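Trainee: Chains as they are written, first to last, in the numbering used here: chain H, 1 to 345; chain U, 1 to 345. The beta carbon of each residue, even a glycine, is placed where N, CA and C say it ideally should be. These figures come from a predicted structure and were not determined experimentally. This is the structure I have questions about; it appears just below.
Protein chains: 2
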Amino acid sequence: MIHSAKTMRCLSADNVAALVAQHGLAACIAGIADNIAADFKRWQEFEKSSRLATHSPLGVIELMPIADQQYYAFKYVNGHPKNEQLGLPTIMAFGALCEMDTGAPLLVCDLTLITALRTAATSALVAKWVARPNSKSMALIGNGAQSEFQAVGFHHLLEVTEFHLFDVDYKATDKLLRNLAKLGLKGRRFTSVAEAVQGVDIITTITADKTNATILLPDDIKPGMHINGVGGDCPGKTELHADILDMGPVFVEYAPQSRIEGEVQQKPQDFPVIELWELLQGRHPGRTNPDNVTIFDSVGFALEDFSALRYVHDLANRLGVAGSPALIPSLPDPKNLFSFMPPAL
Amino acid sequence: MIHSAKTMRCLSADNVAALVAQHGLAACIAGIADNIAADFKRWQEFEKSSRLATHSPLGVIELMPIADQQYYAFKYVNGHPKNEQLGLPTIMAFGALCEMDTGAPLLVCDLTLITALRTAATSALVAKWVARPNSKSMALIGNGAQSEFQAVGFHHLLEVTEFHLFDVDYKATDKLLRNLAKLGLKGRRFTSVAEAVQGVDIITTITADKTNATILLPDDIKPGMHINGVGGDCPGKTELHADILDMGPVFVEYAPQSRIEGEVQQKPQDFPVIELWELLQGRHPGRTNPDNVTIFDSVGFALEDFSALRYVHDLANRLGVAGSPALIPSLPDPKNLFSFMPPAL
């Protein structure tokens, strides 16, 4: 199946936001979660590599490529915690979905918003598989840019209804409370992590500090809890006390990358982890007892962006969103690239 | 120096072509060559890596990242020789120039046209350093998409005035002859490689076949010639008979990459090569005698795209080209990504 380069779409941040709003945020997170589940189930079909990271004193810039036989996808993404002080997002991202047979880009688009959606989709998907059935409450530790999307994901995919909020930045929690109210969701502010996590079914940690922090201590964890650790995602950046990782099975996306970037960077190279595909292909039983503690050490893997880009591409086709002028020239005679120069030359 | 994300530009293929036409093709190639020379002279300041290639039965897709302390750049580029049959360019490319301190993309643009310009700029720059002084004639073996740009580069940077053309595809030479006439340049068709190269100062091979070909034989090479080997640029894709590489010093962009992708893939790992920075920093004398044969084994390195992206960025700023809507959202409160969703939600 060969597409013409003329079907290429370039979607701006505004285009993507309009697309998500038109289809519905919850529906998009659910749809992306379905794609992610389907893609992890065929894990063996992908050519995978750890992301290519370029570190600087203030942050990191990464390229995340992945391919199956039909599609190639990559994401550009940064992580600069001090950006906030400059009025810039901590995380900005864009990427492309391309055709393996021709190399033609089919979709180039903003992934800043989509990164938040696919992270929430992955978090909720994993929790649906391993959190205690009928989980109703979740602590959200870190109330920054991604927190609303986590709440929407867990509400719509798991029917979580009660959100316990904590952030060292009081205004971040203000903002999250306002946005949850707009969504018809119930949030409650707590003044410490210990208080916020008390009695909840699920704890999501999603903070941005580029340090080895211990946001969660072993004493915070009670039998049956599921921990969704999202913010520990690059070397030297962790959120969980290392002993928490001994309290139950630790699920990761792609072990070679997680051992460098995830919470498990605190553990020896042979520390046992379960890759998501093992869970989704039924090779690991997941939770076997309501009292199990389960841990998802999420760092974000290229396959999730692949799944999300396919989703955005399908949605843009279905809803007929045209986007901006093509990034790649369309040539009547491909050997005559020179003809693409305006005659003014 | 911190830029605002609001200065981000997204330039379509049409935008880039208009920009090049407005400033002049020859001036752009010369300007890019100046940037490339300046950047190779400060080679040690760059964080370099070989490109990340994903191969498939029909072609290759590559990501080429590079960074100094101020900027990060990458290019997406494919190589699919059979695309022509589908009416698609063999090579399509786009990329970005980003700020190291914030990760903010400053420029995202088509690089299909710019790849041809920067390849011609690099070819002409190297020839200016090592080809015989007062070279006036060049054989162009391969008259495809990039051939006009090579001709313009060598005409304007070296004052080459006579172009000997050969291609197995008769129509490709027709097209090149037409385009050269538009540019006021003199081309002459030959019916074999051996005839085309006879008596010239410089031979440029720039063919697209994804095979180990021997476009040039040792007998074709006469004392004093400079060989600009451009088309041998991925594993299993070469153009020169291996013995030609023993006829004079072989210049490469970045040895670890060239040993995998270039003509020197035909030679042992310890085959002597000279990296361009050694030439441009004066650590290698280049040509020492009018009878030397010199060989540039060009594969295309990320630094050339970095130099070209900086050039396009400066030019777009100077000429005030706005481009398409921003690929990355601009947020009043960076922690409130959710606010970027339209209120319709």
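For Thr54 of chain H, report the span of its beta strand (DSSP E) as first-last.
Mentor: Unbroken beta strand (DSSP E) run through Thr54 of chain H: Leu52 to Ser56.
Trainee: Which same chain residues, not among the five before or five after Cys115 of chain U, have their C-beta less than 6 Å away from its C-beta?
Mentor: Rather than Cys, the amino acid found at residue 115 of chain U in this sequence is Thr. Cβ neighbours of Thr115 of chain U beyond the five flanking positions: Ala93.
Trainee: If contacts are defined as beta-carbon pairs under 8 Å, then Ile295 of chain U and Phe251 of chain U qualify, I think. What distance do you get, rounded to the angstrom?
Mentor: The Cβ separation is near 7 Å, so the contact holds.
Trainee: Looking only at its chain, what residues have a beta carbon closer than 7 Å to the beta carbon of Gln22 of chain U, apart from the 5 residues adjacent to it on each side?
Mentor: Taken in chain order, the residues that qualify are Leu319.
Trainee: What in chain H is Cβ-close to Tyr76 of chain U, meaning under 8 Å?
Mentor: Here the neighbours are Phe74, Ala96, Cys98 and Pro105.
Trainee: Does the stretch 271-290 of chain H come within contact of the stretch 211-221 of chain H, defined as at least 3 CB pairs closer than 8 Å?
Mentor: No: the two stretches stay apart, fewer than three of their Cβ pairs being nearer than 8 Å.
Trainee: Cβ of Ala213 of chain U less than 8 Å from any chain H Cβ?
Mentor: False, the Cβ-Cβ gap to chain H never drops below 8 Å.
Trainee: Considering only their Cβ atoms, is the gap separating Leu309 of chain U from Pro105 of chain U smaller than 8 Å?
Mentor: No; because the gap between Cβ atoms is not below 8 Å, this pair is not in contact.
Trainee: Could you pull the start and end residues of the beta strand (DSSP E) that Thr214 of chain H belongs to?
Mentor: Unbroken beta strand (DSSP E) run through Thr214 of chain H: Asn212 to Leu216.
Trainee: In terms of DSSP beta bridges, what is Pro105 of chain U paired with?
Mentor: For Pro105 of chain U, which the question treats as bridged, DSSP gives the partners U:Cys98.
Trainee: For Asp14 of chain U, report the span of its alpha helix (DSSP H) as first-last.
Mentor: Where Asp14 of chain U is concerned, the enclosing alpha helix (DSSP H) stretches over Ala13 to His23.
Trainee: Can you check which of these residues, H:Thr54, H:Ile244, H:Ala121 and H:Arg9, is closest to Ala37 of chain H by C-alpha distance?
Mentor: It is H:Ala121 whose Cα lies nearest to the Cα of Ala37 of chain H.
Trainee: Report the neighbours of Ala145 of chain H on chain U: residues whose CB is nearer than 8 Å to its CB, in chain order.
Mentor: Correct list: Pro334, Lys335, Asn336, Leu337 and Phe338.
Trainee: For the beta strand (DSSP E) that Thr112 of chain H lies in, which residues bound it at each end?
Mentor: Unbroken run through Thr112 of chain H is the alpha helix (DSSP H), Thr112 to Val130; no beta strand (DSSP E).
Trainee: Please tell me whether Leu239 of chain U has its Cβ less than 8 Å away from any Cβ of chain H.
Mentor: One detail in the question is off: residue 239 of chain U reads as Glu in this sequence, not Leu. With 8 Å as the cut-off, Glu239 of chain U does not count as an interface residue toward chain H.
Trainee: If we cut at 8 Å on Cβ distances, does Ile202 of chain U have a partner in chain H?
Mentor: Cβ-Cβ to chain H under 8 Å: no for Ile202 of chain U.
Trainee: For the stretch 12-30 of chain H, list every residue whose C-beta sits within 9 Å of some C-beta in chain U, in sequence order.
Mentor: Listed by position along the chain: Ser12, Ala13, Asp14, Asn15, Val16, Ala17, Ala18, Val20, Ala21, Gln22, Gly24 and Leu25.
Trainee: Output the residue ranges of the alpha helix (DSSP H) runs that lie fully inside the stretch 279-325 of chain H and measure 4 residues or longer, sorted by chain position.
Mentor: The stretch 279-325 of chain H contains these whole alpha helix (DSSP H) runs: 302-319.
Trainee: Among residues of its own chain, excluding the 5 on either side of Leu111 of chain U, which ones have a beta-carbon nearer than 6 Å to its beta-carbon?
Mentor: Correct list, in chain order: Lys75, Ala93, Phe94 and Gly95.
Trainee: Using the C-alpha atoms, what's the distance from Ile91 of chain U back to Met8 of chain H?
Mentor: Their backbone Cα atoms lie some 15 Å apart in a straight line.
Trainee: Less than 8 Å between the CB atoms is what I'm expecting for Asn83 of chain U and Pro334 of chain H, so what's the real figure, rounded?
Mentor: Confirmed, Cβ separation roughly 6 Å.
Trainee: If you check the beta carbons only, do Pro81 of chain H and Asp209 of chain H fall under 8 Å apart?
Mentor: A contact, by the Cβ cut-off of 8 Å.
Trainee: If I follow the unbroken alpha helix (DSSP H) through Glu261 of chain U, where does it start and stop?
Mentor: Glu261 of chain U -> alpha helix (DSSP H) spans Ala255 to Glu261.
Trainee: Against chain H, with Cβ distances strictly below 8 Å, would Met341 of chain U count as a contact?
Mentor: Yes, Met341 of chain U counts as interfacial toward chain H.
Trainee: Can you tell which of U:Leu337, U:Phe163, U:Ile141 and U:Glu148 has the C-alpha that lies nearest to the C-alpha of Ser135 of chain U?
Mentor: With distances taken between Cα atoms, Ser135 of chain U lies closest to U:Phe163.
Trainee: Ignore the nearest five residues each way along the sequence and tell me which others in Pro256 of chain U's own chain have a CB closer than 7 Å to its CB.
Mentor: For Pro256 of chain U, where only same-chain residues beyond five positions count, the Cβ hits under 7 Å are Ser50.
Trainee: For Leu11 of chain H, tell me which candidate among H:Ile61, H:Leu58 and H:Ala316 has the shortest Cα-Cα distance.
Mentor: Looking at the Cα atoms, H:Ala316 is the closest of the given residues.
Trainee: My output table needs one value for Lys171 of chain H: the three-state DSSP class, helix, strand or coil.
Mentor: In this structure, Lys171 of chain H counts as helix in the three-state DSSP scheme.
Trainee: What residues of chain H sit near Leu113 of chain U, judged by a beta carbon separation below 8 Å?
Mentor: Going along chain H in sequence order, the residues near Leu113 of chain U (Cβ under 8 Å) are Pro329, Leu337, Phe340 and Met341.
Trainee: Mind checking Arg259 of chain U: buried by the 16 CB within 10 Å criterion, or exposed?
Mentor: So Arg259 of chain U counts as buried.
Trainee: Cβ atoms of Val160 of chain H and Met138 of chain H: under 8 Å apart, would you say?
Mentor: Yes, these two residues count as a Cβ contact at 8 Å.
Trainee: Since Gly229 of chain U and Ser298 of chain U should fall inside the 8 Å C-beta cutoff, what is the C-beta to C-beta distance between them, to a whole number of angstroms?
Mentor: Going by Cβ atoms, the distance from Gly229 of chain U to Ser298 of chain U rounds to 6 Å, so yes, they are a contact pair.
Trainee: If I follow the unbroken beta strand (DSSP E) through Ala67 of chain H, where does it start and stop?
Mentor: Note, Ala67 of chain H: beta strand (DSSP E), Gly59 to Ala67.
Trainee: Using C-beta distances below 8 Å, list every residue in its chain close to Leu125 of chain U, excluding the 5 sequence neighbours before and after it, in chain order.
Mentor: Ala33, Ile36, Ala37 and Leu157, listed in sequence order.
Trainee: Would Leu276 of chain U count as contacting chain H if we go by Cβ distances under 8 Å?
Mentor: By this cut-off, Leu276 of chain U is not an interface position.
Trainee: Return the CA-CA distance between Ala276 of chain H and Lys171 of chain H, expressed in angstroms with no decimal places.
Mentor: Reading off the sequence shown, one finds Leu at residue 276 of chain H, where the question assumed Ala. When rounded, the distance between both Cα atoms is 35 Å.
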